[in-house]
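S.K.:
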Amino acid sequence: MNRGPSHAGRPARHWLRRWGPRGVALAVTGIGLYVVAPSLLAMLDAWPQLEAVRPRWFVLLAALEVGSFVALWGLTRIALSRPRHVRRAGPGAAGAGHGVPAHAGHARWRRARSVRWADVARAQLVGNAASRVLPGGAATGTVVQGRMLLLRGHPADRVASALTAVGLLTTGVLATLPVLTVPAVLIGPPPAHELQLGLVVSLVLAVVVVGLGVLALTVPRVLVSVGFAVGGVLHLLGVRVTAAGVGLALARQRARVRAAFFGNWWRSVMAAAAHRMLDYAALVAALVAVGAQARPSLVLLAYVVAAVMGMVPLTPGGLGFVETGLTGALVLAGVSADAAVLATLLYRLVSFWLPIPAGAIAWASLTVRRPEAAPLRRAGSPVA
154 MNRGPSHAGR PARHWLRRWG PRGVALAVTG IGLYVVAPSL LAMLDAWPQL
204 EAVRPRWFVL LAALEVGSFV ALWGLTRIAL SRPRHVRRAG PGAAGAGHGV
254 PAHAGHARWR RARSVRWADV ARAQLVGNAA SRVLPGGAAT GTVVQGRMLL
304 LRGHPADRVA SALTAVGLLT TGVLATLPVL TVPAVLIGPP PAHELQLGLV
354 VSLVLAVVVV GLGVLALTVP RVLVSVGFAV GGVLHLLGVR VTAAGVGLAL
404 ARQRARVRAA FFGNWWRSVM AAAAHRMLDY AALVAALVAV GAQARPSLVL
454 LAYVVAAVMG MVPLTPGGLG FVETGLTGAL VLAGVSADAA VLATLLYRLV
504 SFWLPIPAGA IAWASLTVRR PEAAPLRRAG SPVA
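The working numbering puts the sequence shown at residues 154 to 537.
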C-alpha cells in the first residue's frame, strides 16, 4: 500500500532532476540580460553611425577574425591527432605509462592524418554559435563542440582531452598578456597617434608568448616556480590558498597540455598565440576605423577585460557584460565615450554576431551529411 505515493513522487523528482538545472540557468540568463539591457540598448542606438565606417575596415576585421578562427581550428586539430608510430631509441625510451618517449630527440613521433580540417572547423563553429545563443556560455559550447566531433567518429576520450587542453592553453595565453603589458604601461610611448602600432605590438607579443609557452612546456620548473610565487602572494593577501597548492595545480595542468600537444609544442603555442593576437588586432582595427586614439598597451588590457567578461556564464557569450566592460575599459584607456561605443559595436559585430549564422550553416552540414565510414560503436568502446 505504500508503493502508490512513492511511485507518484518519482515522476516529480525525475522532472526536477532533469529540468531544474535548466530552469535555473534560464532564470539566471534572464536576470543577467535584464541587468545589461540598458547598455545593450544604448549601444544599438549607435548602429546608424556604422555607415560612416569605410567598407575596407569591415573586410579587414573579417579577415582578422577568420584568421583567429583558423588558428583555433589548427590548435584543435593538433590536439585531436593521435600518434601513429614511435620508434624508440632504446630500452626505457618510452614514457612511464603514457606512451610518450622519454628521449623525444632520438625518436620519431608521427601523428595520424585522419583529422580533417572540415570536421574540426564545423564542430568549432557549431560550438561557438551555441555558446552565444544558449545559457552556460563557453561550457555549453564545449559540450556541443564535443558532441559534433563524436558524430564525426572521433573517440570520446580523445575529444575530451583535446578540448580540455585547448581551453587550458588558450586561457594560459590570455593570462600571460596582462603581465607582458605592465612594462609598456609604465614606460610606454605617449598616447597620441600610437594606436596604429597595435598591429605591430600584436606581432611582437605573439612572438614573446610563443617563446614563453614553449619554455613552460619544456622546462617544468618555470611554471611551478610561477605557481609558487603567485600562490604565496595570494596567501599573503588573505586568499585561502597555499604556494604549494597553486604550484602543484599548475604542474598538473601543464602535464595535461604537454601530453595533448606532445611533439608539436611550437605549432600548438604558435596557434594559440595567433588565435588571441589576431582577435586583439581586430579590436585595434575597429578603434582605428572609428578614428580613436589610445596606447596599444592599454587597449590590450581592455581586450583582456573583455575576454574575461566573456567567460561570465550569466548570459550567453557574455552578451551585455562584454560590451559594458569593454566600453568602460576603452574609456579608461583614453578613448572618447562615443568612439568607444562605436568601436565596441563594430568589433562585436564581427567577432560575436557574424559567427552565429556561420555556426548554423555548419550545424546543418554536420547533421545532414554523416560520415561515410563511421567507426562501429561496440559495447565498451570510447565512442559508445
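Backbone N, C-alpha and C fix where the C-beta goes; we use that ideal spot for every residue, glycine too. In this text the structure is predicted, and so the values were computed from the model without any measurement.
1) Could you compute how far the alpha carbon of Gly227 sits from the alpha carbon of Ser234?
2) Tell whether a beta-carbon distance below 8 Å holds between Ala413 and Ala315.
3) Just checking, does the segment 483-501 make contact with the segment 437-452 on the three C-beta pairs under 8 Å criterion?
4) Give a yes or no on whether the C-beta atoms belonging to Leu322 and Gln277 are separated by under 8 Å.
5) Candidates Ala318, Asp198, Ala282: which alpha carbon is nearest Pro508's?
6) Can you tell me which of Leu454, Pro466, Thr468, Leu467 puts its alpha carbon nearest to the alpha carbon of Thr480?
7) Would you be able to state if there are at least three C-beta pairs under 8 Å between the segment 366-381 and the segment 350-358?
8) Say whether the segment 371-380 touches the segment 388-408, bearing in mind that this needs 3 or more beta-carbon pairs closer than 8 Å, one atom from each stretch.
9) Can you give me the start and stop residues for the alpha helix (DSSP H) that Thr497 sits inside?
10) Return the CA-CA distance between Met301 and Trp516, expressed in angstroms with no decimal places.
11) State the CB to CB distance for the pair Pro466 and Ala292, rounded to an integer number of angstroms; the pair is presumed to be in contact (CB under 8 Å).
12) Given 8 Å as the limit, is there contact between the segment 384-398 and the segment 406-423, that is, 3 or more CB pairs closer than that?
13) In whole angstroms, what separates the C-alpha of Ser518 from that of Val488?
14) Taking the C-alpha atoms as reference points, what is the distance between Met196 and Gly325?
15) Let's test the definition: count the other Cβ atoms within 10 Å of the Cβ of Pro201 and tell me whether it reaches 16, buried, or not, exposed.
16) As a quick exercise: from Val362, Gly320, Leu390, Pro308, pick the residue whose alpha carbon is nearest that of Val332.
17) Quick one: grab the DSSP three-state call for Arg448.
18) If you check the beta carbons only, do Ser221 and Pro469 fall under 8 Å apart?
19) Rounding to the nearest angstrom, what Cα-Cα distance links Arg448 and Arg311 in this structure?
20) Assuming contact is defined by CB atoms lying nearer than 8 Å, are Ala486 and Leu451 in contact in what I supplied?
21) Would you kindly work out how many angstroms separate the C-alpha atoms of Ala117 and Glu218, rounded to a whole number?
22) Using a 10 Å radius around the Cβ and a threshold of 16 neighbouring Cβ atoms, would you call Trp418 buried or exposed?
23) For Trp270, tell me which candidate among Ile231, Trp506, Arg409 has the shortest Cα-Cα distance.
24) Would Ala459 and Val484 be called neighbours here (beta carbons separated by less than 8 Å)?
25) If I'm right that Val410 touches Ala328 with Cβ under 8 Å, what's the distance once you round it to whole angstroms?
26) State the CB to CB distance for the pair Val297 and Val273, rounded to an integer number of angstroms; the pair is presumed to be in contact (CB under 8 Å).
27) Within 10 angstroms of its Cβ, does Asp432 collect 16 or more other Cβ (buried), or is it exposed?
28) For Arg374, which option in Arg407, Ala359, Pro336, Leu358 has the closest C-alpha, if you only look at C-alpha atoms?
29) In whole angstroms, give me the CA-to-CA distance for Leu203 and Trp210.
30) Just to confirm the assignment, what range does the alpha helix (DSSP H) spanning Val354 have?
31) Kindly indicate which residue of Ala490, Gly473, Ala511 has the alpha-carbon position closest to the one of Leu194.
M.R.: Working from what's here:
1) Approximately 11 Å between the Cα atoms of the pair.
2) Yes; because the gap between Cβ atoms is below 8 Å, this pair is in contact.
3) Judged by pairs of C-beta atoms under 8 Å, the segment 483-501 touches the segment 437-452, as three or more such pairs exist.
4) For Leu322 and Gln277, no; Cβs fall outside 8 Å.
5) Among Ala318, Asp198, Ala282, the Cα nearest to that of Pro508 is on Ala282.
6) Cα-wise, what sits closest to Thr480 is Leu454.
7) Judged by pairs of C-beta atoms under 8 Å, the segment 350-358 does not touch the segment 366-381, as fewer than three such pairs exist.
8) Yes: the two stretches touch, three or more of their Cβ pairs being nearer than 8 Å.
9) 490-501 is the extent of the alpha helix (DSSP H) around Thr497.
10) Rounded to whole angstroms, Met301 to Trp516 spans 8 Å at the Cα level.
11) With 8 Å as the limit, Pro466 and Ala292 qualify as a contact, their Cβ atoms being about 7 Å apart.
12) Result no; under three Cβ-Cβ pairs closer than 8 Å.
13) For Ser518 and Val488, the distance between alpha carbons rounds to 42 Å.
14) C-alpha separation (whole angstroms): 31 Å.
15) Result: exposed.
16) Checked all of Val362, Gly320, Leu390, Pro308; the closest Cα to Val332 is Val362.
17) Residue state, collapsed to three classes: coil.
18) Between Ser221 and Pro469, the C-beta spacing is not below 8 Å.
19) Cα to Cα, the separation comes out at about 42 Å.
20) Yes.
21) Absent from the model: residue 117. The displayed extent of the chain is 154 to 537, so no value can be given.
22) Counting Cβ neighbours within 10 Å, Trp418 comes out buried, since at least 16 surround it.
23) Relative to the Cα of Trp270, the nearest Cα in the group Ile231, Trp506, Arg409 belongs to Ile231.
24) With contacts defined by Cβ atoms closer than 8 Å, Ala459 and Val484 do not form a contacting pair.
25) Contact flag wrong, Cβ pair sits at about 13 Å.
26) No, Val297 and Val273 are not in contact; Cβ-Cβ is about 14 Å, not under 8 Å.
27) Label assigned to Asp432: buried.
28) Ranking the options by Cα distance to Arg374, first place goes to Arg407.
29) Approximately 11 Å, taken between the alpha carbons.
30) Per DSSP, the unbroken alpha helix (DSSP H) holding Val354 starts and ends at 351-371.
31) Just measuring C-alpha positions, the residue of Ala490, Gly473, Ala511 sitting nearest Leu194 is Gly473.
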